[in-house]
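Enquirer: With full-length UniProt numbering, letter number 212 in the sequence shown gets 212, and the count goes up by one each step, no holes.
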Amino acid sequence: MSSTIKPTIVLVHGAWHGSWCWRFQIPALEALGYSVEAVDLPSVSGVKGTTQFDDAVHVRSVVESQISMGKRVVVLAHSYGGPIASAAILGLSGKGVLGMIALCAYIFPGGMDQGAVIRDIGGLPYVLWDAPSEGLFLAKDARSLFFPPDVPADRVDWAVPQLRPQSMAANMGVVPPQAWQDESYDGRLGYIRCTADVINPIEQQDSMVMGAGGQEKWVIRTLEGSGHSPFLSRPHEVAAALQEIVNDFEAKVGQEQGGIGSLSS
């Protein structure tokens, strides 16, 4: 697989979202020459009991499908999608996966009991549990959580009706084994920070990155003043940051191969 051909970007959305949320991001990536595949996670299908493991299996099937066609893959994951993408690419370093980029996403260690953590902090005040039915949950005020301060009003109006209930089991369960904890991915992990994020504040983003190895493991870029949905507010900036990170991934692979390989442009 030649590194002169740009990898396919597999897009993994966050909780309550779907592949629809990348509507403006996809053309921005395609304009830079990337092929794109966007997934829909089972946990947002309206079926209670679906877990992070179910989501990771689905994403892995998409990644492996791309690899089977001779393509290299970079996974771009938003919010809840961070641990899902990281689980999905476990063991695929050197087998077609170039790396993973987290977009203001959560970074959790494999085996963490996410439900226990949520209970210890007194729950999540911004959600409605068992809504609209048992085993599902919704954000109380999506407009004030996901979109401030920089998503245009017309895009907020377009996005809000498309949000869907999330399986509680996905957020209250155990985190699957994580690829970011495998040293084979060191230098091929990216994090795009969003400094005005309401739901995943920048201090929390930074704490998670530092706890996961910091700049020794992660290539970091920053979107100043961006909230939790830069794929709606700043898709071209996200694409530019992604390209810089992918270039660093390519350089890392070239070093690992003894200098053989070229940067994607």
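We put the CB at the ideal spot given by N, CA and C, even for glycine.
Near G46, which residues of its chain fall below 8 Å by C-beta distance, leaving aside the five closest residues on each side in sequence?
Expert: Result list for G46: L136, R164, P165, in chain order.
Enquirer: Can you tell me whether Y126 is buried or exposed, with buried defined as 16 or more other CB within 10 angstroms of its CB?
Expert: Y126 is exposed by the Cβ-count criterion.
Enquirer: Measuring alpha carbon to alpha carbon, tell me which residue in L103, Y80, A159, I5 is nearest A239.
Expert: For the residues L103, Y80, A159, I5, the minimum Cα distance to A239 belongs to L103.
Enquirer: Tell me, to the nearest whole angstrom, how far the beta carbon of Q114 is from that of M172; I am working on the premise that it is less than 8 Å.
Expert: Contact flag correct, Cβ pair sits at about 6 Å.
Enquirer: Is V160 buried or exposed, if buried means 16 or more other CB atoms sit within 10 Å of its CB?
Expert: Exposed, since its Cβ has fewer than 16 Cβ neighbours within 10 Å.
Enquirer: What would DSSP say about I260, mapped onto helix, strand or coil?
Expert: Below a pLDDT of 50, predicted positions are generally treated as unreliable, and I260, at 47, falls in that range; no measurement from the model is reported.
Enquirer: Could you check which residue in E134, G18, P148 has the C-alpha nearest to that of R234?
Expert: Per the Cα distances, P148.
Enquirer: Classify P132 as buried or exposed, calling it buried when 16 or more other Cβ atoms lie within 10 Å of its own Cβ.
Expert: Counting Cβ neighbours within 10 Å, P132 comes out exposed, since fewer than 16 surround it.
Enquirer: Could you tell me the boundaries of the beta strand (DSSP E) in which residue 289 lies?
Expert: Limits of the chain in this structure are 1 at one end and 265 at the other, which puts residue 289 out of reach.
Enquirer: With a cut-off of 8 Å, do at least 3 Cβ pairs link the stretch 171 to 190 to the stretch 214 to 224?
Expert: At 8 Å Cβ cutoff, the stretches touch.
Enquirer: Rank K95, A105, T222, L92 by C-alpha distance to the C-alpha of L11 and give the top, closest one.
Expert: For L11, the nearest C-alpha among the options comes from A105.
Enquirer: Consult DSSP for G49 and reduce its assignment to one of helix, strand or coil.
Expert: Note: G49 maps to coil in three-state DSSP.
Enquirer: Would you kindly work out how many angstroms separate the C-alpha atoms of V62 and I199, rounded to a whole number?
Expert: Computed Cα separation, rounded: 28 Å.
Enquirer: Between A153 and D120, what straight-line distance do the alpha-carbon atoms span, to the nearest angstrom?
Expert: One C-alpha to the other measures close to 36 Å.
Enquirer: Mind checking which residues open and close the beta strand (DSSP E) that includes E37?
Expert: 36 to 38 is the extent of the beta strand (DSSP E) around E37.
Enquirer: Classify L145 as helix, strand or coil using the three-state DSSP reduction.
Expert: Note: L145 maps to helix in three-state DSSP.
Enquirer: With 16 as the cutoff for other CB atoms within 10 Å, does P27 come out buried or exposed?
Expert: It is exposed - the Cβ of P27 has fewer than 16 other Cβ atoms within 10 Å.
Enquirer: Enumerate in chain order the residues of its own chain whose CB-to-CB distance from Y34 is below 6 Å, with the five nearest sequence positions on each side excluded.
Expert: Cβ within range, chain order: K6, I9.
Enquirer: Measuring straight from C-alpha to C-alpha, what distance separates residue 333 and G254?
Expert: With the chain represented from 1 up to 265, any question about residue 333 goes unanswered, as that position is not in the structure.
Enquirer: Over what stretch of residues does the alpha helix (DSSP H) that includes W158 continue unbroken?
Expert: Element bounds for W158: 153 to 159.
Enquirer: Who are the near neighbours of I245 in its chain, counting only those whose CB is closer than 7 Å to its CB and skipping five residues on each side?
Expert: Contacts found: I101, G190, V219, R221.
Enquirer: If you follow the beta strand (DSSP E) that F231 is part of, which residue opens it and which one closes it?
Expert: Element bounds for F231: not the beta strand (DSSP E) but the alpha helix (DSSP H), 230 to 233.
Enquirer: Beta-carbon separation of F249 and R188 under 8 Å?
Expert: Yes, the Cβ-Cβ distance between F249 and R188 is below 8 Å.
Enquirer: Taking all protein chains shown into account, decide if S65 is buried (16 or more other Cβ within 10 angstroms of its Cβ) or exposed.
Expert: Exposed: under 16 other Cβ atoms inside 10 Å.
Enquirer: Let me check one thing: in DSSP terms, what residues is R193 bridge-paired to?
Expert: DSSP output for R193 lists T222 as bridge partner(s).
Enquirer: In the DSSP assignment, find the unbroken alpha helix (DSSP H) run with L29 in it and report its ends.
Expert: It spans 25 to 30 - the alpha helix (DSSP H) in which L29 sits, taken as one unbroken run.
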